[in-house]
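Asks: Handing you this structure, nothing more for now.
Number of protein chains: 2
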Amino acid sequence: MRLDTDPYLERYAARVQGMSASEIRALFSVASRPEIVSFAGGMPNTASLDMEAVEAVAAALVREEGALALQYGGGQGRPELRELLVDIMRHEGVPAHADDLVVTVGGQQALELIAKCFVDPGDIVIAEGPTYVGGIGALSSHQADVRHVPMDDDGMRVDLLEEMLARLAGEGRRPKYVYTVPNHQNPAGVSLSVERRHRLAELAEVHDLLILEDNPYGLLDFDGRTWPSLRELVPERVIYVGTMSKTFAPGVRTGWVAAPPPVRDKLVLLREAADLCPANLTQMLVERWLTTQPWQEQVKRFRSVYHERAEVMLRALEAEMPAGVEWTVPSGGFYVWLTVPAGIDTSDLLAKAINHRVAYVPGRGFYGDGSGGDKMRLCFSYPPVERIHEGIVRLGELLHAELELVQAVYGDDIPDMRRRGPDEPGTQLGG
Amino acid sequence: MRLDTDPYLERYAARVQGMSASEIRALFSVASRPEIVSFAGGMPNTASLDMEAVEAVAAALVREEGALALQYGGGQGRPELRELLVDIMRHEGVPAHADDLVVTVGGQQALELIAKCFVDPGDIVIAEGPTYVGGIGALSSHQADVRHVPMDDDGMRVDLLEEMLARLAGEGRRPKYVYTVPNHQNPAGVSLSVERRHRLAELAEVHDLLILEDNPYGLLDFDGRTWPSLRELVPERVIYVGTMSKTFAPGVRTGWVAAPPPVRDKLVLLREAADLCPANLTQMLVERWLTTQPWQEQVKRFRSVYHERAEVMLRALEAEMPAGVEWTVPSGGFYVWLTVPAGIDTSDLLAKAINHRVAYVPGRGFYGDGSGGDKMRLCFSYPPVERIHEGIVRLGELLHAELELVQAVYGDDIPDMRRRGPDEPGTQLGG
């Protein structure tokens, strides 16, 4: 199976490159060609789903409850589904009650509704740097002032968050919330250490912080480990977002948010204004998937599919990358976050890469402040195993050639390509 | 088939009554009882769908294209679906190109994204009075100043719109757009006359107006007639919203907006921030429905189902209503809009009505300015035929009793119950 276009690359390219729609289309008429290996789209490997089981579930649903499945539903989402989502959260030790949940159109709608609920133009929201591009999108559409806290291999540098909070307090300012993807973060591929989770929870108490905990990848640890959730540590200070997109399928567009009752009520009203209600059809499909199929076995299968792909990518990177290139080593999720040596700008390099039949997402898409020019995100979840190696070989060739060019042009006086935009401390991750 | 709750009544009740969530739940634990005839929810009769055909379509989709159907898609919606939606528009003579379309989560998301695109707090948007409650919801969530133009049996009083525009121009103000549901309007059940459509198009030219044409019910004229669309008359001034909710099923949450390219591009960006993309699964289900099934025959079946129900309701109203009660006579769509005599407040009456085993939506939900206290919306699309008569009998008994009470309490000095809120000219429709 092949997608006609790669929607992820499309929207990232629009952010990163400032390209026009027609330029993007031209790029994609090229990038979607089968000869190109795309590490761009953060797409689950839906081909690994037990499709016969999905077919049986869909057919039985329409046959047995069609009139209800095809009708309008309530804005909060079906109580039956919310009970099942609470069970999923319990698998990671995340406490919640079905009443606290609002079913959303993927995790993305949750991020958007929360931004709409809390953010007025100019309000500060703190996020990891880099962070999920859709999180930036939701915040930008409400004109938030996004401040990034650098990351390292143990996730967000909570010590630097503490400094930032002190600095803001000195200016008489407070963030509306701290947005974090603590598990197998997109795009950095790292997780927040247990120590830092506890410290973040303490900071939330001390600074009266609201935390937005976004957890799409928590069940996709390669070894099946789980981490203590922030909601577990300081439940009353955390709004939690989950999704079925990575443990089942993004095509059902089913996510959820768990929030304290006053926030939950506001989110239901905003969601009704936004699109009335989640689709009964897809909600009920998820319910039947969770109640009639061995969904945990499917999650294990996904884990093993992604683990294998990650190993292949990491081995290829070791073998193919020129000196000076660095990358994170994921223990779950979909992503490797790669840093190129000085002199290379990953946004500028993308067209050449596609010409060399390999695609990635340039790092700038994951920052609200123009930094990340020396980074790229490589997604290993989607391409077939044999193509992952080939793609990394191509990327290695490209970077070798590009570094020779940089050396020839600049010698030892290499310009700093990492940032376009306001002058702020850059990310420390991988570089 | 019976719904567990009536989501429409729920959200209208919240708007109209200012009730708390727990009060609403208590009301609905009563209102959802099978002995109550609900004319409240604006729900299509999904039980009239050919469910075997839907089942076959859903099963074949997962079997043949499951991996794609369960994957992420592009923010604008699938090109294949957009081509088919253009065909549907052509059935009503509405011109469009697939490139101009953005697929949305029902028509509601289109209304929300358009409001987000155009409305800053305090901006004026003109709408019919009464108007679709979800339209008010989308506008209110962006703090629009909604101004209502009264209606009569020929739809919006375009002469009064002209006066309003002149008045606003005198104040140096312009509306961001005019929101209209020209065909079988929700809740008024009337359509904009051909003459007024042409006059509205002229006004749009003269006053440089943008029109938001929302057309959920255009194909549900009982006699299969269509009306000239505003997009046909002044294409460059009209943003058009359509939906599959009434011609197929709301459960697929598939609507669309047709807009000029600069607006379309903005809407795609906003939609990606809102929820990334429409569900491939439901989009592809709609595509297969439209290409492999006789969807126009299904629309004819819906028309005849709704026509029969409308006739039953209108006959029952003639027989059962006390003198002084008036109502509109729909030629399509789902709704009858009813006006009660002075002294009765339909918001206050709702609890008594539910106690008398009949439910409706109080008129105030359809105005942004507190008017409509003497109105109610009766939806005939959903209840079984035999129950429609019974429900109107109960409503007649209730209104007879209530009018006797009013007469006994007030005599000839009956207070005006129509309005709660700012003092503005009330609707003329039905009164």
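Chains as they are written, first to last, in my numbering: chain B, 1374 to 1804; chain L, 1374 to 1804. All residues carry an ideal CB built from backbone N, CA and C; glycine is no exception.
Which same chain residues end up closer than 8 Å to L1457 (chain B) when comparing Cβ atoms and leaving out the 5 residues on each side of it in sequence?
Replies: Closer than 8 Å at the Cβ level, and outside the excluded window around L1457 (chain B), lie V1659, E1660, L1663, T1664.
Asks: Compare the Cα-Cα distances from V1531 (chain L) to each of L:N1559, L:L1565, L:V1498 and report the closest residue.
Replies: Residue L:L1565 is the option with its Cα nearest to V1531 (chain L).
Asks: DSSP beta-bridge partners for G1501 (chain L)?
Replies: Position check: residue 1501 (chain L) holds Glu in this sequence, whereas Gly was assumed. DSSP, once it has assigned bridges, lists L:V1522 as partnering E1501 (chain L).
Asks: Nearest-angstrom Cα distance between F1753 (chain B) and I1409 (chain B)?
Replies: Taking the straight line joining both Cα atoms gives about 14 Å.
Asks: Is A1394 (chain B) helix, strand or coil when you go by DSSP?
Replies: Unreliable positioning characterises A1394 (chain B) in this predicted model, as indicated by a pLDDT of 49, which lies under 50. The coordinate reading is nonetheless provided below. Residue state, collapsed to three classes: helix.
Asks: Please decide whether E1456 (chain B) counts as near chain L, where near means a Cβ-Cβ distance under 8 Å.
Replies: Output row for E1456 (chain B): interface = no.
Asks: DSSP on K1748 (chain L), reduced to helix/strand/coil?
Replies: Strand, per DSSP.
Asks: In the DSSP assignment, what residue or residues form a beta bridge with I1584 (chain B)?
Replies: The partner list for I1584 (chain B) (beta bridge, DSSP) reads B:V1551, B:V1611.
Asks: Could you tell me the alpha carbon to alpha carbon distance between A1394 (chain B) and C1490 (chain L), rounded to whole angstroms?
Replies: For A1394 (chain B), the pLDDT reaches just 49, beneath the cut-off of 50, and the residue's location in the model is therefore unreliable, although a value from the coordinates is still provided. Looking at the two C-alpha atoms, the distance is approximately 18 Å.
Asks: Mind listing the chain L neighbours of A1440 (chain B)? Cutoff is C-beta to C-beta under 8 Å, in chain order.
Replies: By Cβ distance, chain L contributes M1374, T1419, A1420, L1422, M1424.
Asks: What's the gap between the Cα of D1596 (chain B) and the Cα of P1703 (chain B)?
Replies: So the two alpha carbons sit approximately 11 Å from each other.
Asks: What is the rounded straight-line gap between the Cα of P1560 (chain L) and the Cα of E1501 (chain L)?
Replies: Using only the alpha carbons, I get a separation of about 10 Å.
Asks: Could you check which residue in B:A1577, B:V1713, B:R1604, B:V1467 has the C-alpha nearest to that of I1499 (chain B)?
Replies: Of B:A1577, B:V1713, B:R1604, B:V1467, the residue nearest in Cα terms is B:A1577.
Asks: What are the residues of the segment 1728 to 1755 of chain B that lie near chain L, defined by any Cβ-Cβ distance shorter than 8 Å?
Replies: Residues passing the 8 Å Cβ filter: none.
Asks: Would you check if there are 3 or more beta carbon pairs closer than 8 Å linking the segment 1754 to 1768 of chain B to the segment 1514 to 1524 of chain B?
Replies: No: the two stretches stay apart, fewer than three of their Cβ pairs being nearer than 8 Å.
Asks: Nearest to A1732 (chain B) by alpha carbon, out of B:L1722, B:R1569, B:E1575?
Replies: Nearest C-alpha to A1732 (chain B): B:L1722.
Asks: Kindly indicate if chain L contains any beta-carbon less than 8 Å away from that of E1670 (chain B).
Replies: By this cut-off, E1670 (chain B) is not an interface position.
Asks: Please return the same chain residues whose Cβ sits closer than 7 Å to the Cβ of D1785 (chain B), not counting the five positions on each side in sequence.
Replies: Once the five neighbours on either side are set aside, D1785 (chain B) has no close Cβ partner at all.
Asks: Inspect the beta-carbon positions of L1593 (chain L) and G1706 (chain L) and report whether they are closer than 8 Å.
Replies: Yes, Cβ-Cβ distance for L1593 (chain L) and G1706 (chain L) is below 8 Å.
Asks: Judging by CA-CA distance, which residue of L:V1478, L:L1443, L:E1453, L:A1420 is the nearest neighbour of A1652 (chain B)?
Replies: The option with the nearest alpha carbon to A1652 (chain B) is L:V1478.
Asks: What are the start and end residues of the alpha helix (DSSP H) that includes A1724 (chain L)?
Replies: First-last of the alpha helix (DSSP H) with A1724 (chain L): 1719 to 1728.
Asks: Using 8 Å for Cβ pairs, my map puts I1761 (chain B) next to M1686 (chain B). What's the rounded Cβ distance?
Replies: Confirmed, about 5 Å.
Asks: Return the chain-ordered list of same chain residues with a C-beta closer than 8 Å to the C-beta of W1668 (chain L), the five sequence neighbours on each side being excluded.
Replies: Within the same chain, W1668 (chain L) has close Cβ partners T1620, F1621, W1662.
Asks: In this structure, what does DSSP give as the bridge partners for T1814 (chain L)?
Replies: What is shown of chain L runs 1374 to 1804, which leaves residue 1814 (chain L) out entirely.
Asks: Quick one: what does DSSP say T1477 (chain B) is sitting in, helix, strand or coil?
Replies: Here T1477 (chain B) sits in strand by DSSP.
Asks: How far does the alpha helix (DSSP H) with W1668 (chain B) in it extend, from its first residue to its last?
Replies: Element bounds for W1668 (chain B): 1668 to 1693.
Asks: Based on DSSP bridge pairs, tell me the residues matched to P1735 (chain B).
Replies: Answer is B:M1749.
Asks: On the CB-based measure, 16 or more other CB atoms within 10 Å of its CB, does N1728 (chain L) come out buried or exposed?
Replies: The residue in question, N1728 (chain L), is exposed, as its Cβ has fewer than 16 Cβ neighbours within 10 Å.
Asks: Identify the residues that DSSP records as bridge partners of D1594 (chain L): which are they?
Replies: Per DSSP, L:G1705.
Asks: Is V1699 (chain L) helix, strand or coil by DSSP?
Replies: In the sequence under discussion, the amino acid at residue 1699 (chain L) is Glu, which differs from the Val named in the question. Three-state result, E1699 (chain L): strand.
Asks: If you follow the alpha helix (DSSP H) that S1602 (chain L) is part of, which residue opens it and which one closes it?
Replies: Element bounds for S1602 (chain L): n/a, residue is neither H nor E.
Asks: Which value, in whole angstroms, describes the spacing of the CA atoms of F1329 (chain L) and A1442 (chain L)?
Replies: Only positions 1374 to 1804 of chain L appear in this structure, which leaves residue 1329 (chain L) out of reach.
Asks: Mapping the DSSP letters down to three states, classify L1711 (chain B) as helix, strand or coil.
Replies: The answer is strand: DSSP assigns L1711 (chain B) an E or B state.
Asks: Where does D1789 (chain B) fall in DSSP's three states?
Replies: Note: D1789 (chain B) maps to coil in three-state DSSP.
Asks: Do T1553 (chain B) and E1586 (chain B) come within 8 Å of each other at the CB atom, strictly closer than that value?
Replies: Yes, they are a contact pair.
Asks: Considering only DSSP beta bridges, list what S1411 (chain L) is partnered with.
Replies: The partner list for S1411 (chain L) (beta bridge, DSSP) reads L:A1732.
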